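In case it helps, this note's numbering puts the sequence shown at residues 43 to 528.
Using N, Cα and C, we set each Cβ at its ideal position, and we do this for glycine too.
Keep in mind that this is a model prediction, so the values were computed, not measured.
The structure under discussion appears below in the form of structure tokens.
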Amino acid sequence: MTSPVSHLSEQLASKSISSHELVQQALAASSSDQDRLGDFLLLRNDQALKEAQESDARRARGDSHGPLDGIPIAVKDNMTMAGEVTTAASKMLEHYRAVETATALQKLQAAGAIIIGKTNLDEFAMGASTENSAFHSSKNPWDESVVPGGSSGGSAVAVASGHVPLALGSDTGGSIRQPAGFCNVVGMKPTYGRVSRSGLIALASSLDQIGPFARTVEDAATLYSVIAGHDDRDATSSTRTVDDVRSGMEDGVRGLRIGLPKEFFADGLDPQVAKVVHDARNVFQKAGAEIVEVSLPHAPQALATYYIILPAEASSNLARYDGVRYGLSVRDGAGLYDMYAKSRGQGLGAEVKRRIMIGTFVLSAGYSDAFYHQALRVRAALTEEFHQVFDQVDVLLTPTSPTMPFKFGARAADPLQMYLADLYTVPANLANIPAMSLPGGFVDGLPVGIQLMAKQWDEATMFRVGHAFQQLTDWHTKTPPNFRGA
Ligand code: GLN
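This is the structure we're talking about:
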């Protein structure tokens, strides 16, 4: 399959279609599917069509801005766009109009991509199913009775259903990769610091990264290349040069060492998912990769560690929603305290409140050493183990998620069950390394993602291995019922 984005940009170049037509189709398909799939929180109808016309005019002048010029894209609604409502799927920000445009989105606009809308998510990106959105859930296009994953569920659905060929999500503990796996698309989290987080509504600042969704690794690499790089507006963004990830992408896996960390294949892994990863392992081996069993002894502690560090940072980041500075302000009470309590009480959902309480607790005097500081020690140990493992292997191969996509309601009442969905994705965030989920196969008609992880800043090898897999398999070409794209 030629990658959807290169196919579209060839069509645009040969003038067999205009960006205006493409965007019109994307908007029409998205709005007619909205009741069924609910991937969007906002469609930028008029604005997107206007920008598409500008793209067409640029092209007519011979001044096209590259492979994304004129291509429709969707972005998760926790990235700000000046003048547009940015909700983070929270009642708190239901009417909040952003004053700045996130750097990643500015880069998209500079590359000529047309942002057609903002996608649904779990409130403030806390969750793994989109059931925590304050507005509505999004449905998995492969089976509308199962969740699309989360928190970037809307972006995954928008790409999987063919509404757009590309989308952006954010990944703090798996929010790009897990929904990508559940929806049979590619989703990638860059190295921490590779993409600017300026304008991304903060969840946990030592973990958050923005990254691409696409149907092929090639398109994900194209989108990644547009958004990566240093930004003066984000002091955590690296000044290191961005590698050209596309130049070695065709080099295949012969001679590469692919590690299987044994802790990712232990108790709790659905055997059907294990089989898909095992099949992928065989594909790589047949293609000439060397398969190595490795160990990350602290990996089983990653989930507990994450669910201390994340709430700690989130409780601090979300303190800004106080009824004064942003969003909802309830002022019918008896003074300042009452305003804080009512604004936060009415504006924030149950999962968000739970994490603020856990975070405040693990940071509190008398407990921070036992919880928060202990978690930081485990994080450091795990990071060191990853460094050592990447002396032995080029990439790691694991399942993306321990289970198949689950039914709506199956985990919503039990937060611990929901947190288990993140078992295999949080280690990469804790270690600040790049990771990617890609279509690995199907069980009973539902997609299963496989995960690749690479060492810090080595996105190039990860894309190379992922691309090789897509040259050898056709899982990524499978589309769900009522698919809308080319
Ligand atoms: N499911 C994870 C959580 O709920 C991932 C969140 C994320 O990556 N934004 O924290």
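Residue closest to E96, alpha-carbon to alpha-carbon, out of F306, Q430, E63 and V507 | E63
Excluding the five sequence neighbours on either side, which residues of its own chain have a C-beta within less than 8 angstroms of the C-beta of Q388, listed in chain order?
-> Result list for Q388: K133, L370 and V372, in chain order.
Selection from D111, A417 and A263 that minimises the alpha carbon distance to Q53 | D111
Stretch pair the segment 225-236 + the segment 248-267: three plus CB contacts closer than 8 angstroms | yes
Counting only the same chain and skipping the five closest in sequence on each side, list residues whose C-beta sits under 8 angstroms from that of L91.
-> Result list for L91: H62, V65, Q66 and L69, in chain order.
Cβ-Cβ separation, P109 to V206 (assumed contact under 8 angstroms), whole Å | So it is not a contact: roughly 15 angstroms between Cβ atoms.
For D261, which residues of its own chain have a beta-carbon under 7 angstroms away from its beta-carbon, when the five flanking residues on both sides are left out?
-> S45, P46, V47, P207 and L208
At least 3 beta-carbon pairs within less than 8 angstroms: the segment 401-415 vs the segment 462-482 = no
What does DSSP give as the partner residues of I333 in its beta bridges?
-> I300
Which class does N87 belong to by DSSP, given the choice of helix, strand or coil?
-> helix
Going by other Cβ atoms of all chains shown within 10 Å of its Cβ, with 16 needed for buried, is S289 buried or exposed?
-> Exposed.
Please confirm whether T161 and G211 have their CB atoms less than 9 angstroms apart.
-> yes
Cβ pair V199, G330 closer than 9 angstroms = no
Near G316, what residues of its chain come up, given a Cβ to Cβ distance below 8 angstroms and the 5 sequence neighbours on each side ignored?
-> Checking the sequence shown, residue 316 turns out to be Ala, not Gly. Result list for A316: F307 and P441, in chain order.
Determine the direct distance from the alpha carbon of E355 to that of V431, and round the result to whole angstroms.
-> Looking at the backbone, the Cα of V431 and that of E355 are separated by about 28 angstroms.
G253 to N120 span [Cα, whole Å] = 13 angstroms
Put N182 into one of helix, strand or coil per three-state DSSP.
-> Taken through DSSP and simplified to helix, strand or coil, N182 comes out as strand.
F306, DSSP secondary structure in three states | Reduced to three states, the DSSP call for F306 is helix.
Is R571 near S357, with beta carbons less than 9 angstroms apart?
-> Since the first residue shown for the chain is 43 and the last is 528, residue 571 is missing from the structure and cannot be characterised.
Where in the segment 316-375 do unbroken runs of the alpha helix (DSSP H), each at least 4 residues long, occur, reported from the N-terminal end onward?
-> 344-359
Backbone secondary structure at D436 - three-state DSSP = coil
Look at the alpha carbon of I156 and the alpha carbon of Y266, and state the distance between them as a whole number of angstroms.
-> Distance between the alpha carbons of I156 and Y266: 16 angstroms.
Check whether the Cβ of I218 sits closer than 8 angstroms to any heavy atom of the ligand GLN, and report yes or no.
-> Under cutoff, so the answer is yes.
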